[in-house]
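Enquirer: Going left to right, the sequence shown walks through residues 1 to 460 as full-length UniProt numbering numbers them.
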Amino acid sequence: MLPLSRTIFKAYDIRGIIAKTLDASVAYKIGQAFGQAALAKGEQRVVIGRDGRLSGPELTAALAQGLQAAGVDVIDLGVVATPMVYFGTNVLDTRSGIMVTGSHNPPDYNGFKMVLAGEAIHGEAIQALYHSIVAHDGSASATPGAYATHDIRAAYLERILGDVKLARPIKIAVDCGNGVAGAFAGDLFRGMGCDVIELFCDVDGNFPNHHPDPAHPENLQDLIRCLAETDAEIGIAFDGDGDRLGVVTKDGQIIYPDRQMMLFAADVLTRHPGAQILYDVKCTRHLAPWISKHGGVPLMYKTGHSLVKAKLRETGAPLGGEMSGHIFFKDRWYGFDDGLYSAARLLEILTRETDPSALLNSLPQSDSTPELHLELKEGENVALMDTLRRDAVFPGNEQIITIDGLRVEYADGFGLARSSNTTPVIVMRFEAETPQALARIQGQFKSVILAAKPDAVLPF
């Protein structure tokens, strides 16, 4: 039994390292605390599921036992993509769910993404679980909750197939990186009428081929190669738990999610004119004018899937998206992030074109970097970000946005540094009109970071 580590209670989920900060005993305690929180909200049952990680079965069994010990009934979906647990909280007799997933983290990580009474919990609500565990006296409910399994696969696939229609057949390549999306993606896209080339769609928690994170270009090289060597028109990639989407064109261009959002926004705004469209601080500065041009109201917000979902609910926006690949459709869908559904919606738009890659490549863009990570020790990222917010000085009259870290807007680009909420890193992204401007902006960020932490090993 591991001692309870507060470090695993992150800003919008719980995430730890197996046998170091997370084991079955911790999962049990989390289940019991969540069960008590669910009962306090009037919820009698909780839906659970897990991805393909090797630690998943043990953690999920302990989680279920903890929930039952609180007196909550458990509906176990088994091995599913994270959005299928979210789907369960919308269509089954419960509004609460927990997905056991390490998402895109290395194989020795695992964790919990949680929906409580219809809301993705984050911040203080997650800290409240920690305090509930600490304060708990070890007792269990006199009447333990029931346990049942449920196969949600057919209902989930049928719901998407009933909603999304292709304009024509299309051949696609799909890379699931041995993540759990591989168990569903091929059947979904074939059901839509696609001819599908599957790459690494066998679920394997060792991730033997490449890391299941489409936010990083090195993880898309197999997909790029496949498109070059076959007659597939477009490439689709997913992260480890299927809630994030990556896209590659026929000519090997990576269409980052902030540019995917342009197509989604233009489509959604035809049905919701004047609506707000949410996007996070990592997104391109071309997105706001694009949304405005298509009759919407752009709203920049913090990074974090739970945070964006909460803001979507608060504003009533029909669409939200993050640079990392989380896309949230409230238009025709339920408002949760779902890589599989987002891919289906993208294919619906792309099949209206004779050349999908030409459409994607025509979207506005500048010279930009992917997400860059400054690796630090646990807790250092938060302290460094506090120092930068307090002390960093940028030359000129740049606009500085502090809703999440530091986003500095220049006349010819932007730079961003923010603290990750899942791992001890500072996440950075840069965009500019020319390579020279990009280098200048990165140079300014390098100066302020090294002034605050002289031994920082920067990734640029």
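Ideal Cβ placement from N, Cα and C applies to all residues, glycine included.
For the putative contact between leucine 319 and glycine 295, defined by C-beta atoms under 8 angstroms, what is the C-beta separation to the nearest angstrom?
Expert: So it is not a contact: roughly 13 angstroms between Cβ atoms.
Enquirer: Which full runs of the alpha helix (DSSP H) of 4+ residues lie inside the region 183-238, going along the chain?
Expert: 185-192 and 221-229
Enquirer: Look at asparagine 381 and serine 420 and say whether their C-beta atoms are less than 8 angstroms apart.
Expert: yes
Enquirer: Less than 8 angstroms between the beta carbons of alanine 344 and lysine 330, yes or no?
Expert: no
Enquirer: Do leucine 372 and proline 459 come within 8 angstroms of each other at the CB atom, strictly closer than that value?
Expert: yes
Enquirer: Taking buried to mean at least 16 other C-beta atoms within 10 Å of its own C-beta, is glutamate 431 buried or exposed?
Expert: buried
Enquirer: Using C-beta distances below 6 angstroms, list every residue in its chain close to isoleucine 224, excluding the 5 sequence neighbours before and after it, in chain order.
Expert: Val248 and Gly252
Enquirer: Between the alpha carbons of leucine 287 and arginine 389, how many angstroms are there, rounded?
Expert: C-alpha separation (whole angstroms): 25 angstroms.
Enquirer: Could you tell me how far apart the beta carbons of threonine 422 and arginine 15 are, in whole angstroms, since I believe they sit closer than 8 angstroms?
Expert: 5 angstroms
Enquirer: Between the Cα of valine 457 and the Cα atoms of Ala437, Asn397, Lys377 and Lys311, which residue gives the shortest distance?
Expert: Lys377
Enquirer: Report the rounded CA-to-CA distance for residue 461 versus phenylalanine 445, giving the unit in angstroms.
Expert: Examination of residue 461 is not possible in this model, given that the chain is present from 1 through 460 alone.
Enquirer: Tell me whether the beta-carbon of isoleucine 17 lies closer than 8 angstroms to the beta-carbon of tyrosine 109.
Expert: yes
Enquirer: Could you check how far apart the C-beta atoms of alanine 120 and histidine 305 are, in whole angstroms? I think they sit under 8 angstroms.
Expert: 7 angstroms
Enquirer: Report the partner residues of leucine 406 according to the DSSP bridge assignment.
Expert: Ala417
Enquirer: Measuring only the C-alpha atoms, how far is threonine 315 from cysteine 283?
Expert: 19 angstroms
Enquirer: If contact is defined by three or more beta carbon pairs under 8 angstroms, each pair taking one atom from either stretch, is the region 155-171 in contact with the region 55-71?
Expert: no
Enquirer: For threonine 21, collect the residues of the same chain with a Cβ closer than 6 angstroms to its Cβ; drop the 5 residues on either side in sequence, then sort them by chain order.
Expert: Ser5 and Ile8
Enquirer: Determine contact between the region 204-221 and the region 177-188, defined as no fewer than three beta-carbon pairs at a distance below 8 angstroms.
Expert: yes
Enquirer: Just the Cα atoms here: how many angstroms apart are proline 57 and glutamine 260?
Expert: 35 angstroms
Enquirer: Quick check on alanine 173: does DSSP put it in helix, strand or coil?
Expert: strand
Enquirer: From the DSSP secondary-structure annotation, give me the bridge partner or partners of leucine 319.
Expert: Ile277 and Phe329
Enquirer: Nearest-angstrom Cα distance between glycine 123 and alanine 37?
Expert: 15 angstroms
Enquirer: Is histidine 136 helix, strand or coil by DSSP?
Expert: coil
Enquirer: Straight-line CA distance for alanine 128 to glycine 379?
Expert: 20 angstroms
Enquirer: Could you compute how far the alpha carbon of histidine 216 sits from the alpha carbon of isoleucine 255?
Expert: 12 angstroms
Enquirer: In or out: isoleucine 98 buried (at least 16 other Cβ within 10 Å) or exposed?
Expert: buried
Enquirer: Quick one: using the 10 Å Cβ neighbour count with 16 as the cut-off for buried, is alanine 140 buried or exposed?
Expert: That one is exposed.
Enquirer: If you draw a straight line from the alpha carbon of arginine 45 to that of lysine 309, how long is it in whole angstroms?
Expert: Using only the alpha carbons, I get a separation of about 22 angstroms.
Enquirer: Could you give the distance in angstroms between the alpha-carbon of alanine 135 and the alpha-carbon of phenylalanine 34?
Expert: 14 angstroms
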